[in-house]
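K.L.:
If you read the sequence shown in UniProt numbering, its first letter stands for residue 1, the second for the next number, and so on.
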Amino acid sequence: MLDPGEIFFEDFSVLMIPRDVPEKDYEVKKQIGRLKMCSKSIVFDPKDIAKPIIKIPLKECTNIQEWDGRRPAKLADQGNVIAVDCKQHIELLEDNVIAPYTFRSGSKTFLFLLNYVKAHDCLPHLCQLHRASSLPIAEQNSMIAAIVFSRQSRISFDHLWLEDLYEKVIFEVQGNRITPLVGNPGRILLSSVCLYFQPFNNVEHFPVLKIRLRDVKRIIKRRFLLRQVGLEMYCNERSRVEHLLLCLSNPSERDELYDKILAQEATCLEESNQEVTTLQWQNGVISNYEYLHYLNSLADRTYNDLTQYPVFPWVLSDHSSKNLDFDDPKSYRDLSKPVGALNPVRLKRLKDRYEEMPHPKFLYGSHYSAPGFVLFYLVRKYPHYMLCLQNGRFDHPDRMFNSVPDVWKNVQNNMADFKELVPEFFDVNNEGDFCNNLYGIDFGRRHDGTKVGDVELPGWASDSKDFVRKMRNALESDYVSKNLHHWIDLIFGYKQTGEEAVRADNVFYHLCYEGAVDLDSVRDPNQRHALEVQIMEFGQIPKQVFTLPHPCRIINKPLHPCGLLVPSREEVSENIKTETSTNEGPSRWNWHNGLRRKPDITLQSHREEVLALALWCPGNTDDGGKSNASDWHVFSVGHDSLLKMHRISTGQQVRSAALSSMALSACVPLPPSSHLNISNTLVVVASWDNTMTVYDMEYGKMIEQASVHDDAVSCLAWIEMENQDEYGMLASGSWDCTVRLWRLLAPINKSSSFQSLSSLGVSRLILSHPARSLVAQLDHEGRITCLDFSRSAKLLASGTDDGEICLWMINSYSLKTKLSDALGIYRHSDCLWIIQWKIFLIFTGHTNGSVTAVKFNPDGSRLVSCGTDCYFRVFDLKTSMQVYYKVMDEQLRLVKII
Numbered sequence: 001m002l003d004p005g006e007i008f009f010e011d012f013s014v015l016m017i018p019r020d021v022p023e024k025d026y027e028v029k030k031q032i033g034r035l036k037m038c039s040k041s042i043v044f045d046p047k048d049i050a051k052p053i054i055k056i057p058l059k060e061c062t063n064i065q066e067w068d069g070r071r072p073a074k075l076a077d078q079g080n081v082i083a084v085d086c087k088q089h090i091e092l093l094e095d096n097v098i099a100p101y102t103f104r105s106g107s108k109t110f111l112f113l114l115n116y117v118k119a120h121d122c123l124p125h126l127c128q129l130h131r132a133s134s135l136p137i138a139e140q141n142s143m144i145a146a147i148v149f150s151r152q153s154r155i156s157f158d159h160l161w162l163e164d165l166y167e168k169v170i171f172e173v174q175g176n177r178i179t180p181l182v183g184n185p186g187r188i189l190l191s192s193v194c195l196y197f198q199p200f201n202n203v204e205h206f207p208v209l210k211i212r213l214r215d216v217k218r219i220i221k222r223r224f225l226l227r228q229v230g231l232e233m234y235c236n237e238r239s240r241v242e243h244l245l246l247c248l249s250n251p252s253e254r255d256e257l258y259d260k261i262l263a264q265e266a267t268c269l270e271e272s273n274q275e276v277t278t279l280q281w282q283n284g285v286i287s288n289y290e291y292l293h294y295l296n297s298l299a300d301r302t303y304n305d306l307t308q309y310p311v312f313p314w315v316l317s318d319h320s321s322k323n324l325d326f327d328d329p330k331s332y333r334d335l336s337k338p339v340g341a342l343n344p345v346r347l348k349r350l351k352d353r354y355e356e357m358p359h360p361k362f363l364y365g366s367h368y369s370a371p372g373f374v375l376f377y378l379v380r381k382y383p384h385y386m387l388c389l390q391n392g393r394f395d396h397p398d399r400m401f402n403s404v405p406d407v408w409k410n411v412q413n414n415m416a417d418f419k420e421l422v423p424e425f426f427d428v429n430n431e432g433d434f435c436n437n438l439y440g441i442d443f444g445r446r447h448d449g450t451k452v453g454d455v456e457l458p459g460w461a462s463d464s465k466d467f468v469r470k471m472r473n474a475l476e477s478d479y480v481s482k483n484l485h486h487w488i489d490l491i492f493g494y495k496q497t498g499e500e501a502v503r504a505d506n507v508f509y510h511l512c513y514e515g516a517v518d519l520d521s522v523r524d525p526n527q528r529h530a531l532e533v534q535i536m537e538f539g540q541i542p543k544q545v546f547t548l549p550h551p552c553r554i555i556n557k558p559l560h561p562c563g564l565l566v567p568s569r570e571e572v573s574e575n576i577k578t579e580t581s582t583n584e585g586p587s588r589w590n591w592h593n594g595l596r597r598k599p600d601i602t603l604q605s606h607r608e609e610v611l612a613l614a615l616w617c618p619g620n621t622d623d624g625g626k627s628n629a630s631d632w633h634v635f636s637v638g639h640d641s642l643l644k645m646h647r648i649s650t651g652q653q654v655r656s657a658a659l660s661s662m663a664l665s666a667c668v669p670l671p672p673s674s675h676l677n678i679s680n681t682l683v684v685v686a687s688w689d690n691t692m693t694v695y696d697m698e699y700g701k702m703i704e705q706a707s708v709h710d711d712a713v714s715c716l717a718w719i720e721m722e723n724q725d726e727y728g729m730l731a732s733g734s735w736d737c738t739v740r741l742w743r744l745l746a747p748i749n750k751s752s753s754f755q756s757l758s759s760l761g762v763s764r765l766i767l768s769h770p771a772r773s774l775v776a777q778l779d780h781e782g783r784i785t786c787l788d789f790s791r792s793a794k795l796l797a798s799g800t801d802d803g804e805i806c807l808w809m810i811n812s813y814s815l816k817t818k819l820s821d822a823l824g825i826y827r828h829s830d831c832l833w834i835i836q837w838k839i840f841l842i843f844t845g846h847t848n849g850s851v852t853a854v855k856f857n858p859d860g861s862r863l864v865s866c867g868t869d870c871y872f873r874v875f876d877l878k879t880s881m882q883v884y885y886k887v888m889d890e891q892l893r894l895v896k897i898i
């Protein structure tokens with residue numbers, strides 16, 4: 001109900017008294033409500049929602065004073081009445097129905113009886129604002145700004161709202177909370193625990209908005225009206241405030257608040273890296289829709305500011321067919337050109353005008369995104385914003401958003417229409433509600449008598465839900481994916497400004513660009529106001545994000561960082577299914593549906609918690625032997641100290657052995673080796689009693705047991721070696737914060753009798769002589785929780801309970817040492833060998849929990865991890881970047897890549 005930029009100061013409980021009515025009609029005519037004092041108007045909001053809200057513009061008031069005239073008999077002995085004489089007033093929301101405002105012309109006097117305050121306390125403020133309304137608009141704004149500053153300076157933050165007694169106040173400053181078309185002033189206070197916003201009025205739902213710093217996911221510097229004075233915060237689901245956009249007086253105050261927030265210990269932001277996100281998009285980890293949202297955010301586009309609303313492209317050119325062919329390139333718009341250059345005939349006329357124009361030249365006299373264009377699309381969803389922007393009126397029925405095909409035709413041919421789309425065209429969650437007149441608003445009738453209702457959709461869309469679904473499918477299509485980087489270059493990239501913009505026919509009015517004018521240096525209030533109005537109403541070019549050509553997306557390959565195809569959150573919600581799979585991997589949707597599969601078999605294996613599982617097939621040898629599905633078995637160990645083996649095909653328990661008095665934490669089957677004559681399959685089991693045990697599954701007996709760590713052994717990993725003289729390497733992790741590597745060799749003299757490296761011989765090489773088999777000890781800062789070798793045996797990943805992931809690499813067998821290296825000594829045949837283990841990479845993988853599993857993909861280029869923080873993460877080892885993450889509903893304990 002306020003004008004754009006108007007400020008609401010305070011309100012009062014009042015009784016609106018009818019003037020000059022018979023005594024008997026007084027009770028019927030009086031109205032109880034709130035009188036709101038605003039910078040440009042007085043608003044009476046009645047308690048009875050059937051009555052209209054009355055708005056009295058201050059510029060239409062002729063006199064505001066304390067009433068001393070005749071009163072009803074019941075109020076004869078009461079004063080405290082304010083009289084407002086006006087030439088015109090506005091009525092809105094009668095019967096609580098959204099409709100154009102009703103302007104009532106003619107002199108009228110309104111009487112308001114103040115219930116709890118004195119008239120002489122609020123009259124001076126009203127009269128001061130009334131005087132300001134009589135000034136020219138620029139001087140009026142300056143006077144209002146002075147009034148606002150004076151009122152704000154007298155108000156301090158109420159420290160009773162602090163969360164606890166031990167909070168330390170870090171910073172306090174004045175600022176505005178920005179919502180669409182409204183800036184609400186207040187005080188911002190940062191403590192060691194929370195950020196508070198205390199408005200100077202009661203327009204908010206809470207007297208103080210409070211955001212705990214631990215709930216802040218992202219904090220982004222924003223520009224507002226082309227000035228770098230904004231700060232936007234996004235919070236997690238625990239916070240009452242989902243996001244908050246603040247505007248401060250100058251860039252230095254904004255930067256100081258930003259720096260102090262980041263400096264607090266309670267602040268823990270989500271990891272965000274522009275290069276990583278671009279890499280994720282290139283590889284298909286995130287969708288086009290998600291990536292465009294991300295770029296809009298980087299470019300200072302936000303849903304809280306209609307002057308910088310997120311911008312999305314027209315992607316389809318076919319809005320007339322009955323059936324939409326996603327495989328036909330003719331169905332799509334040319335994304336390498338701006339909207340204004342799609343029609344060559346129109347473009348030639350625009351360029352002819354451009355050549356004759358004095359500097360600063362512009363090709364397009366209208367922008368692709370401005371508050372009016374945003375509300376043009378969203379008027380059915382946010383009608384109150386349109387009424388606010390257009391002085392209480394909707395646009396002419398023939399100029400409204402009536403038809404998608406008509407709008408597309410217009411943006412191709414009209415000399416002043418170059419608008420792109422808004423995200424709602426692709427938002428499947430809201431099902432295209434912006435296309436439907438859900439409120440039943442009377443928008444009027446068009447020239448042919450047709451009543452304006454729902455938006456006319458293309459012939460290929462059955463309803464609004466189907467329309468946005470197909471628009472979204474088009475946005476994610478191969479054609480758009482191959483060409484979207486061209487549009488990114490135009491809107492967010494190197495073709496946005498300069499000579500590249502001229503060559504790309506992408507030049508707009510100079511005031512649309514950041515840095516074109518320094519508003520802080522403009523001293524003339526009239527000139528500054530004119531510039532602000534132009535910036536606000538005409539539109540703003542997004543902040544430039546890229547200065548080099550944007551890379552294209554990689555198409556026709558499995559779109560997952562570890563060889564699997566994973567759907568985005570939106571794609572999952574749409575429940576889209578593909579018909580076929582690529583030859584390179586399972587289809588995206590089949591993988592997701594696999595996660596939902598019910599178990600084929602359930603084994604009641606242990607009385608207490610199961611701590612580790614392993615699959616084993618006796619016929620799976622390294623000489624090419626094949627195995628049947630019926631051969632597969634599953635090992636399990638748990639808190640009950642039992643090692644158990646079940647045949648998967650029947651669910652039958654084959655073995656059960658008690659190996660320790662404490663919990664068994666891990667198990668690793670040792671495969672048979674034909675070239676080393678190892679025929680019996682063994683399993684190595686780790687225990688919380690600091691030991692490792694070798695157990696013979698074929699004969700059902702414990703072969704060897706030895707203490708190998710100073711604390712509980714928590715995890716194991718095994719890798720076969722390619723060297724013909726080596727069997728493999730075993731890694732053991734422990735709560736003593738170390739990882740130990742054990743190497744198993746063939747006999748020194750192959751002709752000697754060593755039981756043909758039977759189970760007994762193998763176990764003694766590992767456990768009977770630990771010093772002989774110990775290769776290295778890798779020290780960590782936290783307890784070891786998980787391990788994994790890459791298939792090439794060149795890398796070892798380790799995870800800890802403090803969320804750290806370390807990647808270790810064997811460089812060579814050499815005597816060369818480095819201070820940062822972890823060295824282990826291996827003695828064999830009276831020779832001293834030093835194996836150099838180097839810390840290759842360290843990831844802070846799971847900051848809010850321990851790492852529960854790490855796993856390399858088959859080619860060793862990426863590492864998957866999960867943790868107790870419910871995060872599933874994928875790291876690219878070539879670039880050291882996190883390329884994917886997903887927050888799951890529950891903690892993940894195990895990862896298996898197949």
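We treat Cβ as the ideally placed atom computed from N, Cα and C, and that holds for glycine.
I need the straight-line Cα distance from Ala-138 to Asn-80, nearest angstrom please.
P.N.:
Each residue's Cα considered, the two are about 34 angstroms apart.
K.L.:
Helix or strand or just coil, what does DSSP make of Ala-501?
P.N.:
Helix.
K.L.:
If Pro-124 and Glu-94 are in contact, beta carbons under 8 angstroms, what's the gap, nearest whole angstrom?
P.N.:
That belief does not hold up - the Cβ atoms of Pro-124 and Glu-94 are roughly 32 angstroms apart, past 8 angstroms.
K.L.:
DSSP three-state call for Cys-388: helix, strand or coil?
P.N.:
Cys-388: helix per DSSP, three-state reduction.
K.L.:
Got a sec, what are the start and stop residues for the beta strand (DSSP E) Thr-800 sits in?
P.N.:
Its beta strand (DSSP E) spans residues 795-800.
K.L.:
Less than 8 angstroms between the beta carbons of Arg-783 and Trp-735, yes or no?
P.N.:
Contact: yes.
K.L.:
Once the 5 residues before and after Glu-500 are set aside, which same chain residues still bring their CB inside 6 angstroms of it?
P.N.:
Same-chain partners within the cutoff: Tyr-494.
K.L.:
Assuming Tyr-513 contacts Phe-362 (C-beta within less than 8 angstroms), just tell me the rounded distance between them.
P.N.:
That belief does not hold up - the Cβ atoms of Tyr-513 and Phe-362 are roughly 10 angstroms apart, past 8 angstroms.
K.L.:
Looking at the structure shown, is Phe-373 part of a helix, part of a strand, or coil, going by DSSP?
P.N.:
In this structure, Phe-373 counts as helix in the three-state DSSP scheme.
K.L.:
So for His-510, helix, strand or coil by DSSP?
P.N.:
Correct three-state label for His-510: helix.
K.L.:
Candidates Arg-151, Phe-12, Cys-806: which alpha carbon is nearest Leu-877's?
P.N.:
It is Cys-806.
K.L.:
Nearest by alpha-carbon distance to Lys-217: which of Glu-204, His-205, Cys-235, Arg-227 is it?
P.N.:
Nearest C-alpha to Lys-217: Cys-235.
K.L.:
Taking C-beta to C-beta, are His-367 and Phe-538 nearer than 8 angstroms?
P.N.:
For His-367 and Phe-538, yes; Cβs fall inside 8 angstroms.
K.L.:
Is the segment 244-264 touching the segment 316-324 in the sense that three or more CB pairs, one from each, lie closer than 8 angstroms?
P.N.:
No contact exists between the segment 316-324 and the segment 244-264.
K.L.:
Which residues mark the beginning and the end of the beta strand (DSSP E) in which Thr-278 is found?
P.N.:
Element bounds for Thr-278: not the beta strand (DSSP E) but the alpha helix (DSSP H), 274-282.
K.L.:
Got a sec, what are the start and stop residues for the beta strand (DSSP E) Tyr-884 sits in?
P.N.:
Counting along the chain, the beta strand (DSSP E) containing Tyr-884 begins and ends at 881-887.
K.L.:
Please name the residue or residues paired with Ser-714 in a DSSP beta bridge.
P.N.:
Bridge partners of Ser-714: none, in fact.
K.L.:
Along the chain, which unbroken stretches of the beta strand (DSSP E) at least 3 residues long are found entirely within the segment 43-113?
P.N.:
The segment 43-113 contains these whole beta strand (DSSP E) runs: 53-57, 61-66, 81-92.
K.L.:
Does Ser-41 come out as helix, strand or coil in the three-state DSSP assignment?
P.N.:
In the structure shown, Ser-41 sits in a strand (DSSP, three-state: E or B).
K.L.:
Using only CA atoms, which one of Thr-267, Ala-612, Ala-663, Ile-219 lies nearest to residue 916?
P.N.:
Since the first residue of the chain shown is 1 and the last is 898, residue 916 is not available in this structure.
K.L.:
Do you know how far the Cα of Tyr-196 is from the Cα of Ser-714?
P.N.:
Going by the C-alpha atoms only, they are around 45 angstroms apart.
K.L.:
Distance check for Pro-310 and Gln-228, CA to CA, integer angstroms please.
P.N.:
The straight-line gap from Cα to Cα measures roughly 18 angstroms.
K.L.:
Leu-548 by DSSP, collapsed to three states: which one?
P.N.:
In the structure shown, Leu-548 sits in coil (DSSP, three-state: anything other than H, G, I, E or B).
K.L.:
Rounded to whole angstroms, what is the Cα-Cα separation between Ser-850 and Gln-882?
P.N.:
Ser-850 and Gln-882: Cα-Cα distance of roughly 17 angstroms.
K.L.:
Taking just the CA atoms, how far does Leu-475 sit from Asp-466?
P.N.:
Distance between the alpha carbons of Asp-466 and Leu-475: 14 angstroms.
K.L.:
Tell me the residue span of the beta strand (DSSP E) that contains Tyr-196.
P.N.:
194-199 is the span of the beta strand (DSSP E), which, as asked, contains Tyr-196.
K.L.:
CB Leu-114 to CB Val-193, shorter than 8 angstroms?
P.N.:
No, the pair does not count as a contact, with Cβ atoms beyond the cut-off.
K.L.:
Rounded to whole angstroms, what is the Cα-Cα separation between Ile-17 and Ile-220?
P.N.:
Ile-17 and Ile-220: Cα-Cα distance of roughly 50 angstroms.
K.L.:
Give the range of the alpha helix (DSSP H) segment to which Trp-735 is assigned.
P.N.:
Counting along the chain, Trp-735 falls outside any alpha helix (DSSP H), and DSSP gives it neither H nor E.
K.L.:
Rounded to the nearest angstrom, what separates Cys-388 and Val-895 at their Cα positions?
P.N.:
Cα to Cα, Cys-388 sits roughly 54 angstroms from Val-895.
K.L.:
Does Val-468 come out as helix, strand or coil in the three-state DSSP assignment?
P.N.:
Reduced to three states, the DSSP call for Val-468 is helix.
K.L.:
Among residues of its own chain, excluding the 5 on either side of Ser-641, which ones have a beta-carbon nearer than 7 angstroms to its beta-carbon?
P.N.:
Ala-658, Leu-659, Ser-660, Ser-661, Met-662, Ala-663, Leu-664.
K.L.:
DSSP puts Pro-358 in a beta bridge; with which residues?
P.N.:
DSSP lists no partner for Pro-358.
K.L.:
Tell whether a beta-carbon distance below 8 angstroms holds between Gly-340 and Asp-505.
P.N.:
Contact: yes.
K.L.:
What are the start and end residues of the beta strand (DSSP E) that includes Ala-863?
P.N.:
Looking at the sequence itself, residue 863 is Leu, so the reference to Ala does not match. Its beta strand (DSSP E) spans residues 862-867.
K.L.:
For Gly-230 and Ala-146, I'd like the C-alpha separation in whole angstroms.
P.N.:
One C-alpha to the other measures close to 21 angstroms.
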